[in-house]
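K.L.:
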Amino acid sequence: GENVEQHPSTLSVQEGDSAVIKCTYSDSASNYFPWYKQELGKGPQLIIDIRSNVGEKKDQRIAVTLNKTAKHFSLHITETQPEDSAVYFCAASRSYTGNQFYFGTGTSLTVIP
Amino acid sequence: DVKVTQSSRYLVKRTGEKVFLECVQDMDHENMFWYRQDPGLGLRLIYFSYDVKMKEKGDIPEGYSVSREKKERFSLILESASTNQTSMYLCASSFIHGLGLAGRTDTQYFGPGTRLTVL
Chain Z
120 GENVEQHPST
130 LSVQEGDSAV
140 IKCTYSDSAS
150 NYFPWYKQEL
160 GKGPQLIIDI
170 RSNVGEKKDQ
180 RIAVTLNKTA
190 KHFSLHITET
200 QPEDSAVYFC
210 AASRSYTGNQ
220 FYFGTGTSLT
230 VIP
Chain L
198 DVKVTQSSRY
208 LVKRTGEKVF
218 LECVQDMDHE
228 NMFWYRQDPG
238 LGLRLIYFSY
248 DVKMKEKGDI
258 PEGYSVSREK
268 KERFSLILES
278 ASTNQTSMYL
288 CASSFIHGLG
298 LAGRTDTQYF
308 GPGTRLTVL
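Protein chains in written order, with the numbering used here: chain Z, 120 to 232; chain L, 198 to 316.
1) Could you please tell me which residues of the stretch 163-194 of chain Z, in chain order, have their CB closer than 8 Å to any CB of chain L?
2) Rounded to the nearest angstrom, how far is the Cβ of V216(L) from that of L275(L), given a contact under 8 Å?
3) Can you give me the C-alpha to C-alpha distance between I231(Z) and G160(Z), rounded to a whole angstrom?
4) Need the endpoints of the beta strand (DSSP E) that S284(L) sits in, please.
5) Determine, for L208(L), whether the minimum Cβ-Cβ distance to residues of chain Z falls below 8 Å.
6) Looking at chain Z, which residues of the stretch 219-253 of chain L have a Cβ within less than 7 Å of any of its Cβ atoms?
7) Quick check on the DSSP output: the beta strand (DSSP E) that includes P153(Z) runs from which residue to which?
8) Q305(L) touches chain Z at which residues, Cβ-Cβ below 7 Å?
9) Please list, in chain order, the chain Z residues whose beta carbon lies closer than 9 Å to that of P258(L).
10) Residues of chain Z with CB under 8 Å from L287(L), in chain order?
11) Scan the stretch 126-158 of chain Z for residues whose Cβ lies nearer than 9 Å to a Cβ of chain L and list them as they occur along the chain.
12) Kindly indicate which residue of T202(L), W231(L), Q305(L) has the alpha-carbon position closest to the one of V183(L).
13) Kindly indicate the opening and closing residues of the beta strand (DSSP E) around V139(Z).
14) Tell me, to the nearest whole angstrom, how far the beta carbon of L194(Z) is from that of V183(Z); I am working on the premise that it is less than 8 Å.
15) Compute the beta-carbon to beta-carbon distance between D178(Z) and I167(Z), rounded to the nearest angstrom, for a pair I have assumed lies under 8 Å.
16) Using a 10 Å radius around the Cβ and a threshold of 16 neighbouring Cβ atoms, would you call T280(L) buried or exposed?
17) Using the beta-carbon of each residue, which ones in chain Z are nearer than 7 Å to G310(L)?
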């Protein structure tokens, strides 16, 4: 089955700096890669996703890059703000043949004002 | 907006009790999922269902069962709760574009979670 590894497990940045979270996956057939943000006491919420037919996707201060050859994808948050503090999860899935998502172990991001 | 609700935010049960966790989604999604979330382990899939009365085992089904009698409702059952089932339980749902299992699945939408403590 798929194995998703996520690094780092914790990350602290100064407000206004950038944050990068990296994930690797093992199954070359995975073709859908969502990122979720989980705030304290809440369920994970989708913040951005990318499919394997594109290499990069951006949504305001958030971007995701995908390197299919190396089997890794990354989340980039620019101009971080205190409200970006949360736990972030990456996931991988073969969206065309099944429904199972494989999640990374999460990154706890703290943005220091 | 997709809404996934879970019956309880916090639940405390005793070892050996039968526990029901309920999840309801209001977007007519075909797929529904149950995960447990533990520190350092991320989200691990317990069971999922892609249609009414259908169920598939995930990565950690032992000690759990599920029921899906209606499309909008997916229940997780702990037949005899044990202390190692103390955890955060998350329900999710997703939609399939296209026909059957070969269709393209959309992302998963999560409920707020139920924090279960088994004493």
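The C-beta atom is built at its ideal place from N, Cα and C for all residues, glycine as well. Just so it is clear, the structure is predicted and the values come from calculations on it, not from any experiment.
P.N.:
Checking against the coordinates, here is how it stands:
1) Within the stretch 163-194 of chain Z, the qualifying residues are P163, Q164, L165, D168.
2) Along the second sequence, one-based indexing puts residue 216(L) at 19. Along the second sequence, one-based indexing puts residue 275(L) at 78. The C-beta separation of V216(L) from L275(L) comes to about 4 Å, placing the pair in contact by the 8 Å criterion.
3) In the first sequence, the residue the question calls residue 231(Z) occupies position 112. In the first sequence, the residue the question calls residue 160(Z) occupies position 41. Taken atom to atom, the span from the alpha-carbon of I231(Z) to that of G160(Z) is near 20 Å.
4) By one-based count along the second sequence, residue 284(L) stands at place 87. Segment 284-291, the beta strand (DSSP E) holding S284(L).
5) Working through the second sequence from its first residue, we reach residue 208(L) at position 11. So, not an interface residue.
6) Within the stretch 219-253 of chain L, the qualifying residues are N228, G237, L238, G239, L240, L242, F245, Y247.
7) Along the first sequence, read from residue 1 onward, the residue named residue 153(Z) stands at position 34. Start and end: 151-157.
8) Walking along the second sequence from the start, residue 305(L) turns up at place 108. In chain order, F220 make up the part of chain Z whose C-beta sits under 7 Å from the C-beta of Q305(L).
9) For the purposes of this step, residue 258(L) is taken as the residue at position 61 of the second sequence. Neighbourhood of P258(L) in chain Z, by CB distance below 9 Å: empty, with the nearest CB roughly 13 Å away.
10) As a working note, residue 287(L) is residue 90 in the second sequence. Ordered by position in chain Z, the residues that pass the 8 Å Cβ test against L287(L) are G162, P163.
11) Using a CB distance below 9 Å, the part of the stretch 126-158 of chain Z facing chain L consists of S128, Y151, P153, Y155, Q157, ordered along the chain.
12) Residue 183(L) is absent from the model: chain L starts at 198 and stops at 316.
13) As a first step, residue 139(Z) must be located in the first sequence, where it is residue number 20. From DSSP, the beta strand (DSSP E) with V139(Z) extends over 138-144.
14) Sequence index remark: in the first sequence, residue 194(Z) carries index 75 (1-based). Sequence index remark: in the first sequence, residue 183(Z) carries index 64 (1-based). Indeed, because the Cβ distance is near 6 Å, the residues count as touching under 8 Å.
15) Within the first sequence, residue 178(Z) is the residue found at index 59, counting from 1. Within the first sequence, residue 167(Z) is the residue found at index 48, counting from 1. The C-beta distance from D178(Z) to I167(Z) rounds to 5 Å, short enough to meet the 8 Å contact threshold.
16) Within the second sequence, numbered from 1, the residue matching residue 280(L) stands at position 83. Exposed is the call here.
17) Against the second sequence, residue 310(L) aligns to sequence position 113. Under the 7 Å cutoff, chain Z gives G162.
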